[in-house]
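Chemist: So that you can map any letter, position 318 of the sequence shown is 318 in the UniProt record's numbering, and since no number is skipped, the others follow by simple counting.
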Amino acid sequence: MPSFFSDYALREHNTFGFDVRARQACRIEHESDIDEARAFAARDPALAAAPRLVLGGGSNVVLTRDFPGSVWLVALEGRRIVDEDDDAWIVEAAAGENWHAFVAWCLGQGCNGLENLALIPGTVGAAPIQNIGAYGLEMAEYFDSLRAYDFETGQIVEFDDARCAFGYRDSVFKHVARERFLIVSVRFRFPKTWRARAAYADIARALAEAGVTDPSPRDIFDAVVRVRRAKLPDPATLGNAGSFFKNPVIDARQFAELAAAVPDVVSYAQPDGSRKLAAAWLIDRCGWKGRAIADAAVHDRQALVLVNRGRATGADVLALSDAIRDDVFKRFGVMLEAEPVVV
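(1) Which of the three DSSP states is assigned to I203 in this structure?
(2) What number of angstroms, rounded off, separates the C-alpha of S321 from the C-alpha of F151?
(3) Compare the Cα-Cα distances from D144 to each of A127, A259 and D326 and report the closest residue.
(4) Under three-state DSSP, which class holds A297?
(5) Which residues bound the beta strand (DSSP E) around G242?
(6) Expressed to the nearest angstrom, what Euclidean distance is found between the alpha-carbon atoms of A101 and A319?
(7) Using only CA atoms, which one of G108, A50, A206 and S267 lies nearest to V225?
(8) Which same chain residues, not among the five before or five after V249, have their C-beta less than 6 Å away from its C-beta?
(9) Do I324 and W288 have their C-beta atoms closer together than 7 Å?
(10) Rounded to whole angstroms, what's the CA-CA distance from R64 to V20? Just pull it up for me.
(11) Count the other C-beta atoms from every protein chain shown that fall within 10 angstroms of the C-beta of T313, then say buried if there are 16 or more, exposed otherwise.
(12) At the level of alpha carbons, what is the spacing between L107 and P68?
(13) Under 7 Å between the Cβ atoms of T123 and G96?
(14) Output needed for I220: all residues of its chain with C-beta closer than 8 Å, excluding positions within five of it in sequence on either side, in chain order.
(15) In the DSSP assignment, the beta strand (DSSP E) including D7 goes from what residue to what residue?
(16) Per DSSP, what are the beta-bridge partners of R187 in this structure?
(17) Can you tell me where the beta strand (DSSP E) holding G314 begins and where it ends?
(18) What does the Cβ neighbour count give for R253, buried or exposed, with the cut at 16 atoms within 10 Å?
(19) Given a cut-off of 7 Å, decide if A39 and A48 are closer than it, judged by their beta-carbon atoms.
(20) Put K231 into one of helix, strand or coil per three-state DSSP.
(21) Output the boundary residues of the beta strand (DSSP E) element that contains V71.
(22) Who are the Cβ neighbours of P215 in its own chain at under 7 Å, not counting the five residues just before and after it?
(23) Expressed to the nearest angstrom, what Euclidean distance is found between the alpha-carbon atoms of I156 and E92?
(24) Nearest by alpha-carbon distance to P271: which of R309, D251 and A259 is it?
(25) Our contact map puts A338 next to F244 with C-beta atoms below 8 Å; I'd like the distance itself, whole angstroms only.
(26) Sort W89, L10 and G113 by Cα distance to W72 and report the nearest one.
(27) DSSP has R21 in a bridge; who is on the other side?
(28) Just to confirm before moving on: does the CB-CB distance between I90 and V103 stay below 7 Å?
(29) Mind checking G78: buried by the 16 CB within 10 Å criterion, or exposed?
(30) Give the straight-line distance between the Cα atoms of A292 and D222, rounded to the nearest whole angstrom.
(31) Report the CB separation of F4 from G113 in whole angstroms; it is logged as a contact under 8 Å.
(32) Going by the beta-carbon positions, is the gap between L146 and F159 smaller than 7 Å?
(33) Taking the continuous alpha helix (DSSP H) assigned at V103, which residues delimit it?
(34) Quick check: the Cα distance between D161 and A140, rounded to an integer number of angstroms?
(35) Given I120, which residues of its chain have a CB within under 6 Å of its CB, disregarding the five upstream and five downstream residues?
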């Protein structure tokens, strides 16, 4: 039986630490809880007609106000190797599993590949929604399938890679499927032939400083953890949602015009001829690092990270992000896009 709460505080359920409340919340610890919670909500006409919000770790959301509907707190746990053939292992994890702990567990099982995504905050169920990525790797590269509860039909539905429509920090679950589905579990495919991804500058530097020339998966995992801890604030001590803006991708023509005006612009060539720009560089060049609006600030070591210094609201963070976006567009003609979902 799921646990139900009225007028529920969400401060501990969003990594920004915003002090907002939900009209109703339910904690989902077992798959059977979902049907029971859905039936409970249906008995209250006002609640049934109100919006629904699914939260895992709350690491990719900006809560701008008290939530007038029901919040579903996903606390499903469990992880296991479900299949193996000559080429790969298939590993399944419940949606409420901590992402970083899951990555570490996979390495312990010899299922290597996700080590570049170590220390990303949030849960396994949130990873496909955002198609999380870091240091040259996106989650989609190891994704196999997921199971999700369909609130419209009351059935469990399976999504393969194509149906998830993964993009750069994007998936169908950030758009048309956002309120319809609750991700229950995710499966990953780990090829038995592993190759190191250590070319990213910060990771290569960390490995070199550790004297590692032929890195193992654990070496890369440890390097990623060191780099992230040195550059990024811990949400447990300083509220944030990680990287707030996507790195913008522009076509070759626009890049040529930008590079002519700003020769030192930081960019990365893409296979289709477009260029990915470093959003942190653009923001830093506009002088925003360390600046604040009210208690919402740009982190002083990483311009991509917006932080809550203690009493910021979601509206403060949005005001800060809008000001940054406007400055970057005025100076470079490039529009930044936020990664978190705004509620």
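C-beta: ideal position from N, C-alpha, C; glycine also.
Keep in mind it's a predicted model, so treat the numbers as computed, not measured.
Modeler: Short version:
(1) helix
(2) 33 Å
(3) A127
(4) strand
(5) G239 to S243
(6) 34 Å
(7) A206
(8) S274 and K276
(9) yes
(10) For the record, residue 64 in the displayed sequence is Thr; it is not Arg. Going by the C-alpha atoms only, they are around 8 Å apart.
(11) buried
(12) 41 Å
(13) yes
(14) E115, N116, A196, R197, A198, I203 and L207
(15) S3 to A9
(16) E92 and S145
(17) Here G314 belongs to no beta strand (DSSP E); instead the alpha helix (DSSP H) covers G314 to F332.
(18) exposed
(19) no
(20) helix
(21) F67 to V74
(22) A196, A198 and L207
(23) 16 Å
(24) D251
(25) 6 Å
(26) L10
(27) A9
(28) no
(29) exposed
(30) 32 Å
(31) Not a contact, Cβ separation roughly 39 Å.
(32) yes
(33) W99 to G108
(34) 8 Å
(35) W99 and I132
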